[in-house]
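Trainee:
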Amino acid sequence: MAQTFKGWIGTDLGEHGMAWTILVRERDGGWCEVGAFLIDAWCLGVKDAYFDEMPSDEMQAFLDDQLPADLREEVEPACVRALVEGAAAYAQSLGFLPHRDYRKARKVFGSLKSTDCTRTFTFGRDGRPCFMAGPDDDEARINRVFAVLTARVGTDGFDFIDGTIDEGDKAANTLYRFIGAGRCPDKGFTEYEAHGFLAATCLLTRSVDPEVWIVAFWGGEVARPVFESEDEAEEITEAIVGIREAIARDLDDGDFIIGLPDEDDRELMARRYCVGFLRGLALDGTLHAWLRGHPEGGPEISWIESLARGAEPVGADIEDRLVEAITRLDVLAGEIAGAADTPPGATSG
Numbered sequence: 321m322a323q324t325f326k327g328w329i330g331t332d333l334g335e336h337g338m339a340w341t342i343l344v345r346e347r348d349g350g351w352c353e354v355g356a357f358l359i360d361a362w363c364l365g366v367k368d369a370y371f372d373e374m375p376s377d378e379m380q381a382f383l384d385d386q387l388p389a390d391l392r393e394e395v396e397p398a399c400v401r402a403l404v405e406g407a408a409a410y411a412q413s414l415g416f417l418p419h420r421d422y423r424k425a426r427k428v429f430g431s432l433k434s435t436d437c438t439r440t441f442t443f444g445r446d447g448r449p450c451f452m453a454g455p456d457d458d459e460a461r462i463n464r465v466f467a468v469l470t471a472r473v474g475t476d477g478f479d480f481i482d483g484t485i486d487e488g489d490k491a492a493n494t495l496y497r498f499i500g501a502g503r504c505p506d507k508g509f510t511e512y513e514a515h516g517f518l519a520a521t522c523l524l525t526r527s528v529d530p531e532v533w534i535v536a537f538w539g540g541e542v543a544r545p546v547f548e549s550e551d552e553a554e555e556i557t558e559a560i561v562g563i564r565e566a567i568a569r570d571l572d573d574g575d576f577i578i579g580l581p582d583e584d585d586r587e588l589m590a591r592r593y594c595v596g597f598l599r600g601l602a603l604d605g606t607l608h609a610w611l612r613g614h615p616e617g618g619p620e621i622s623w624i625e626s627l628a629r630g631a632e633p634v635g636a637d638i639e640d641r642l643v644e645a646i647t648r649l650d651v652l653a654g655e656i657a658g659a660a661d662t663p664p665g666a667t668s669g
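Written as structure tokens, this is what we have:
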């Protein structure tokens, strides 16, 4: 029986330089060989490799688990070999060996010839090695990679992307540095007011254009900050959007936290958070009114409003109580999201 191959490459390869690629060689008797390779086309070559034999009817489940349908493209089988071997050769030229299971996994190539591939793969990013650290790379590992690259191409011969920092944290650091520099229209504006405002916008049930809430973030059109350049304005705006997306994910996943300081100004920052939250919620007067009139939402809104006015918190820790209130309001907002645009008794304002 002639050998039959099928191959797939992850769609992340072009944008991030890293993706799984999978090759399947079908055999007689309803069995197949599967080779999977995690490719870092920008620097490290074959970061992981896997080989197994399995019944053909189990292969589809393996493929869907490793490379979901919307994250893969089927390619000429020869192109899988061309990509894998090209990445391994590029990495070796920089001083990096392929994963220890690479030799075993490449058995799946069989009689395939990489020269039959009709695609051209490039390695490195923009002609340079680019090391992208992942969440499993500790400082010692990063330093080892730096040492190898420096020895081969010099300190200025490669790029580095720190993928160990969460995107939400990166965005937060960018915005908070800007706020900390005292360049906001309101000199009393804090990162906690920003966080509160963005958390409230995640609750909005009516469509609020991003341009509207981004302007409102600073306090209105007149209060917009003066940026040093268009690039800085774009960077800060992207950071604001990134933080909002991170907060929305945390609310959806039940991982929502505020992170109030432990110092003496803990209560002050909680009040600033509440001020920001109420400003954000005011963008949807219908929702705000509905929550105020709700038997469960009303007490939470009243408590947040009293805290924003300077009332002394009582009972549980102020941060735990705030998280509880915002989470509950988010649940209530979600419950009316699919209902009528204007709930009974609510008014816009």
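For the sequence shown, the working numbering gives the first residue as 321, with consecutive numbering after it. Backbone N, C-alpha and C define an ideal beta-carbon position, used for all residues, glycine too. Note that the coordinates shown come from a computational prediction; the quantities given were computed from them, not determined experimentally.
1) Roughly how many angstroms lie between the CA atoms of GLY508 and GLU393, to the nearest whole one?
2) Just to confirm the assignment: which complete beta strand (DSSP E) runs, minimum length 3, are found wholly within the stretch 371-431?
3) Which residue marks the beginning of the alpha helix (DSSP H) containing CYS363, and which one marks its end?
4) On the criterion of 16 or more Cβ atoms from any shown chain inside 10 Å, does ALA471 qualify as buried, or is it exposed?
5) May I ask you to verify whether the stretch 521-536 touches the stretch 451-464, counting CB pairs closer than 8 angstroms and requiring at least 3?
6) For VAL354, which of helix, strand or coil comes out of DSSP?
7) Give the range of the beta strand (DSSP E) segment to which LEU343 is assigned.
8) Taking all protein chains shown into account, decide if ASP360 is buried (16 or more other Cβ within 10 angstroms of its Cβ) or exposed.
9) Rounded C-beta distance between LYS433 and ALA398? I'm assuming under 8 angstroms.
10) Since PHE537 and PHE597 should fall inside the 8 angstroms C-beta cutoff, what is the C-beta to C-beta distance between them, to a whole number of angstroms?
11) Just grab the DSSP bridge partners of LYS275 for me.
12) Could you pull out every residue in the same chain whose Cβ sits closer than 6 angstroms to the Cβ of ILE563, ignoring the five residues on either side in sequence?
13) With a threshold of 16 other CB atoms inside 10 Å of the CB of ILE577, please say whether the residue is buried or exposed.
14) What's the C-alpha gap between THR435 and GLU378?
15) Closest by CA to GLY415, which one among GLY654, TYR422, THR442 and PRO449?
16) Any beta-carbon of chain C closer than 7 angstroms to the one on ASP385?
17) Using DSSP's beta-bridge definition, name the partner residues of MET452.
18) Got a sec, what are the start and stop residues for the alpha helix (DSSP H) PHE517 sits in?
19) How do the stretch 621-640 and the stretch 545-563 stand: do at least 3 beta-carbon pairs fall below 8 angstroms, yes or no?
20) Can you give the Cα-Cα distance for GLY278 and LEU601, rounded to whole angstroms?
21) Measuring from the CB of GLY454, is there a heavy atom of the ligand GDP at a distance below 6 angstroms?
22) Considering only C-alpha positions, which residue in the set VAL595, GLY350 and LEU607 is nearest to LEU708?
23) Please report the Cβ distance between VAL546 and ASP604, rounded to the nearest whole angstrom; I am assuming they are in contact, meaning their Cβ atoms lie under 8 angstroms.
24) Taking the alpha carbon of ALA467 as the point to measure from, which residue in TYR410, GLY500, LEU571 and PHE451 has its own alpha carbon closest?
25) Counting only the same chain and skipping the five closest in sequence on each side, list residues whose C-beta sits under 7 angstroms from that of GLY665.
26) How close, in whole Å, do the beta carbons of LEU495 and ILE567 come, if the pair is a contact with beta carbons under 8 angstroms?
27) Buried or exposed: ALA389, going by 16 or more other Cβ atoms within 10 Å of its Cβ?
28) Using the beta-carbon count (16 or more within 10 Å), is GLU583 buried or exposed?
29) So who's on the other strand from ARG445, going by DSSP bridges?
30) I'd like to confirm the pairing. Which residues does DSSP put opposite ALA369 in its beta bridges?
31) Is it buried or exposed for ARG401, if we count other Cβ within 10 angstroms and need 16 for buried?
32) Rounded to a whole number of angstroms, what is the C-alpha to C-alpha distance between SER626 and GLU587?
33) Hey, could you find the ends of the alpha helix (DSSP H) ASP570 is sitting in?
34) Would you tell me roughly how many angstroms separate the C-alpha atoms of THR341 and ILE329, rounded to the nearest one?
35) Mind checking GLU558: buried by the 16 CB within 10 Å criterion, or exposed?
Mentor: Here's the rundown:
1) Locating residue 508 in the sequence shown gives position 188, where the first residue counts as 1. Locating residue 393 in the sequence shown gives position 73, where the first residue counts as 1. GLY508 and GLU393: Cα-Cα distance of roughly 51 angstroms.
2) 392-395
3) By one-based count along the sequence shown, residue 363 stands at place 43. First-last for CYS363: undefined, no H or E at that position.
4) Translated into the one-based positions of the sequence shown, residue 471 becomes position 151. That one is exposed.
5) no
6) The sequence position of residue 354 within the sequence shown is 34, counting from 1. In the structure shown, VAL354 sits in a strand (DSSP, three-state: E or B).
7) In the sequence shown, counting from the first residue as 1, residue 343 sits at position 23. Here the beta strand (DSSP E) through LEU343 covers 338-346.
8) Within the sequence shown, numbered from 1, the residue matching residue 360 stands at position 40. ASP360 should be labelled buried.
9) The count along the sequence shown starts at 1 and reaches residue 433 at position 113. The count along the sequence shown starts at 1 and reaches residue 398 at position 78. Between LYS433 and ALA398 a beta carbon distance of about 6 angstroms is seen, short of the 8 angstroms cut, so the two are scored as contacting.
10) One-based indexing of the sequence shown puts residue 537 at position 217. One-based indexing of the sequence shown puts residue 597 at position 277. Not a contact, Cβ separation roughly 12 angstroms.
11) Given that the chain is displayed from residue 321 to residue 669, the structure contains no residue 275 and the question cannot be resolved.
12) The residue labelled residue 563 in the question sits at position 243 within the sequence shown. Closer than 6 angstroms at the Cβ level, and outside the excluded window around ILE563, lie ALA491, ALA492 and LEU518.
13) Translated into the one-based positions of the sequence shown, residue 577 becomes position 257. Flag for ILE577 reads exposed.
14) In the sequence shown, the residue the question calls residue 435 occupies position 115. In the sequence shown, the residue the question calls residue 378 occupies position 58. The straight-line gap from Cα to Cα measures roughly 30 angstroms.
15) Taking the sequence shown and counting its residues from 1, the one referred to as residue 415 is at position 95. Closest option to GLY415, Cα to Cα, is PRO449.
16) Included in the structure is just one protein chain, with no chain C present.
17) Working through the sequence shown from its first residue, we reach residue 452 at position 132. Answer is ILE481.
18) Within the sequence shown, residue 517 is the residue found at index 197, counting from 1. Segment 511-521, the alpha helix (DSSP H) holding PHE517.
19) Contact fails between the stretch 621-640 and the stretch 545-563, because fewer than three Cβ pairs, one in each stretch, are under 8 angstroms apart.
20) What is shown of the chain runs 321 to 669, which leaves residue 278 out entirely.
21) Ligands in the displayed structure: none, and consequently the ligand GDP is not present.
22) No statement about residue 708 is possible, as the shown extent of the chain runs from 321 to 669 and does not include it.
23) Position 226 of the sequence shown, counted from the first residue, corresponds to residue 546. Position 284 of the sequence shown, counted from the first residue, corresponds to residue 604. At roughly 29 angstroms, the Cβ-Cβ gap does not stay under 8 angstroms, so VAL546 and ASP604 are not in contact.
24) The residue given as residue 467 occupies position 147 in the sequence shown. For the residues TYR410, GLY500, LEU571 and PHE451, the minimum Cα distance to ALA467 belongs to PHE451.
25) To locate residue 665, count along the sequence shown from 1; it is residue 345. Here GLY665 scores only 40 on pLDDT, less than 50, and its place in the model is too uncertain to base an answer on.
26) One-based indexing of the sequence shown puts residue 495 at position 175. One-based indexing of the sequence shown puts residue 567 at position 247. Wrong, their Cβ atoms sit about 12 angstroms apart, outside the cutoff.
27) On the sequence shown, residue 389 is found 69 positions in, with the first residue counted as 1. ALA389 comes out exposed.
28) Working through the sequence shown from its first residue, we reach residue 583 at position 263. That one is exposed.
29) The count along the sequence shown starts at 1 and reaches residue 445 at position 125. DSSP lists ARG448 as partners of ARG445.
30) Residue numbering aside, residue 369 sits at position 49 when the sequence shown is read from its first letter. In the DSSP output, where bridge partners are listed per residue, ALA369 has PHE357.
31) As a first step, residue 401 is located in the sequence shown; it is residue number 81 there, counting from the start. Per the 10 Å Cβ criterion, buried.
32) One-based indexing of the sequence shown puts residue 626 at position 306. One-based indexing of the sequence shown puts residue 587 at position 267. So the alpha carbons of these two residues sit roughly 13 angstroms apart.
33) Residue mapping note: residue 570 aligns to position 250 of the sequence shown, counting from 1. Per DSSP, ASP570 belongs to the alpha helix (DSSP H) from 550-573.
34) What you label residue 341 is simply residue 21 of the sequence shown in a count that begins at 1. What you label residue 329 is simply residue 9 of the sequence shown in a count that begins at 1. Distance between the alpha carbons of THR341 and ILE329 is about 4 angstroms.
35) Counted from its first residue, the sequence shown places residue 558 at position 238. Exposed is the call here.
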